[in-house]
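The number in the numbering used here is simply the position in the sequence shown, starting from 1, with 37 added.
Backbone N, C-alpha and C fix where the C-beta goes; we use that ideal spot for every residue, glycine too.
A quick note: this is a predicted structure, and the numbers were derived from the prediction, not measured.
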Amino acid sequence: MIKKPPAVGAVRIHMDPESTDTSFEGFTANTFRGVATLITPAGPFKMEGARWHLLSQVFSSPEDMKTDLYKERLLQETMEKDPSRRSFAWKVFWQAKLAVSAMTYIGDTALTAPPFFENVVGEDLAT
Numbered sequence: 038m039i040k041k042p043p044a045v046g047a048v049r050i051h052m053d054p055e056s057t058d059t060s061f062e063g064f065t066a067n068t069f070r071g072v073a074t075l076i077t078p079a080g081p082f083k084m085e086g087a088r089w090h091l092l093s094q095v096f097s098s099p100e101d102m103k104t105d106l107y108k109e110r111l112l113q114e115t116m117e118k119d120p121s122r123r124s125f126a127w128k129v130f131w132q133a134k135l136a137v138s139a140m141t142y143i144g145d146t147a148l149t150a151p152p153f154f155e156n157v158v159g160e161d162l163a164t
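Okay, here's the thing in structure tokens:
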């Protein structure tokens with residue numbers, strides 16, 4: 038785990054797992070062993086710590102983030118209940134991306150889409 042990396046380009050490895058407060062703009066969050074746990078009005082929600090960091094940087098405003106995160110979570114939970122949906126390994130998506138020079142991933146939410154696509158579009162918005 039990298040905890041508060043210095044600005045001099047050094048990495049320090051902590052042998053004992055540590056929990057880090059990764060709260061952001063009114064979201065209470067804690068990251069432990071690469072998993073961020075967010076405390077939301079709908080209850081606790083877990084995601085990869087790196088994805089939480091990315092999302093906390095790309096949303097345009099704290100208010101948009103609250104609304105969008107709530108919508109994305111509801112959409113993701115709905116999709117996970119659908120037995121016809123499949124989840125492929127990121128290795129497969131990476132190879133497919135390279136094969137066709139894809140920039141956009143269609144059919145997921147910002148909470149679970151592979152991070153190496155520049156855009157994510159839900160199935161209902163795809164043309």
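**Report entry** Rounded C-alpha distance that separates residue 111 from residue 135
**Finding:** Roughly 31 Å separates the two Cα atoms.
Requested in this report: Would you grab the beta carbon distance between residue 94 and residue 149 for me? Rounded to a whole angstrom, and I think it's under 8 Å.
Outcome: Approximately 18 Å separates the beta-carbon atoms of residue 94 and residue 149; this is outside 8 Å, ruling out the contact.
**Report entry** Start-to-end residues for the beta strand (DSSP E) that takes in residue 75
**Finding:** Looking at the DSSP string, the run of the beta strand (DSSP E) that includes residue 75 is 72-77.
Requested in this report: Check residue 38 in the structure and name its three-state DSSP category.
Outcome: Residue placement at residue 38 is flagged as unreliable, the pLDDT there being 46, under the threshold of 50; a coordinate-derived value is accordingly withheld.
Requested in this report: For residue 62, I'd like the list of residues in its chain whose CB is within less than 8 Å of its CB, leaving aside the five on either flank, ordered along the chain.
Outcome: Excluding positions up to five away in sequence, the list reads 93, 99, 102.
**Report entry** Proximity winner among 65, 60, 80, 85, relative to residue 72 (alpha-carbon distances)
**Finding:** Restricting attention to 65, 60, 80, 85, the CA atom closest to the CA of residue 72 is found in 85.
**Report entry** For residue 121, three-class secondary structure by DSSP
**Finding:** For residue 121, the secondary structure class from DSSP, reduced to helix, strand or coil, is coil.
Requested in this report: Select from 154, 131, 133 the residue whose C-alpha is nearest the C-alpha of residue 141.
Outcome: Of the residues 154, 131, 133, the one whose Cα lies closest to the Cα of residue 141 is 154.
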